[in-house]
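K.L.:
Here full-length UniProt numbering is used: the first residue of the sequence shown is 1, the next is one more, and so on.
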Amino acid sequence: MFDHKPAAPLFAALLLAGCASTAGVSYPSLAVRDVERAEGTFEPAAPRQLDVPPVVIDAEGDIPARLESLVAAARDAHEQFTAAVPAAQRRVQAAGNAAVGSDNWASAQVALADLDSARSNAAVALGDLDILFAAATVQAQDAAAIAAARATVVALVTEEDVVLERLRAQVR
């Protein structure tokens, strides 16, 4: 068999001979070149100005009427939601463990979408109340009436969310 011990010193000698010979070879300097020197000054770009229109809240004017209108709209949407729940429950129960894509499953999905639509109408009123509340708070105005109206609508939307979650859990 071939013995590797005599080849090892020969291999090491060849490697060292290749590295040791640098006579007559000129390598570039590692010093900083002129093009690498930083010169001049840089000014930061001017920040972009955003045109944000102010939200106008008239504390003395139509806020009570606006709050009443938004709460009434949320209550109407909640009544539509509540009226649609029994039909949705029947469709969801009929779907039971139906296969995804079956007629009963599709019917239950449509009923849930109808409930989502009614819920979104209440959520629109909640969004408007959130805008009013944020604007009044930022402008250091009394937001107690807005907070009370918002709490009423949040309670309605939360009740709807509970119903939707319960029905969705029954349809797989």
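Glycine residues also receive a C-beta, built at the ideal position from the N, C-alpha and C atoms. These numbers come from a predicted model, not from an experiment.
Around the Cβ of E39, are there at least 16 other Cβ atoms within 10 angstroms (buried) or fewer (exposed)?
P.N.:
As a first step, residue 39 must be located in the sequence shown, where it is residue number 39. By the 10 Å Cβ count, E39 comes out exposed.
K.L.:
Can you tell me the Cα-Cα spacing of P28 and T41, whole angstroms?
P.N.:
Position 28 of the sequence shown, counted from the first residue, corresponds to residue 28. Position 41 of the sequence shown, counted from the first residue, corresponds to residue 41. If I take the Cα positions, the gap works out to 30 Å.
K.L.:
Go to P86, then tell me how far its alpha helix (DSSP H) extends in each direction, as first and last residue.
P.N.:
Here the question's residue 86 lines up with position 86 in the sequence shown. Where P86 is concerned, the enclosing alpha helix (DSSP H) stretches over I63 to A95.
K.L.:
Sorted by chain position, which residues of the same chain lie with C-beta nearer than 8 Å to E160's C-beta, five sequence neighbours on each side aside?
P.N.:
Translated into the one-based positions of the sequence shown, residue 160 becomes position 160. Result list for E160: H78, F81, L115, A118, R119 and A122, in chain order.
K.L.:
So, helix, strand or coil for R150, using DSSP?
P.N.:
Taking the first residue of the sequence shown as position 1, residue 150 is located at position 150. In this structure, R150 counts as helix in the three-state DSSP scheme.
K.L.:
Any idea if A125 is buried or exposed, counting beta-carbon neighbours within 10 angstroms, 16 or more meaning buried?
P.N.:
By one-based count along the sequence shown, residue 125 stands at place 125. A125 is buried by the Cβ-count criterion.
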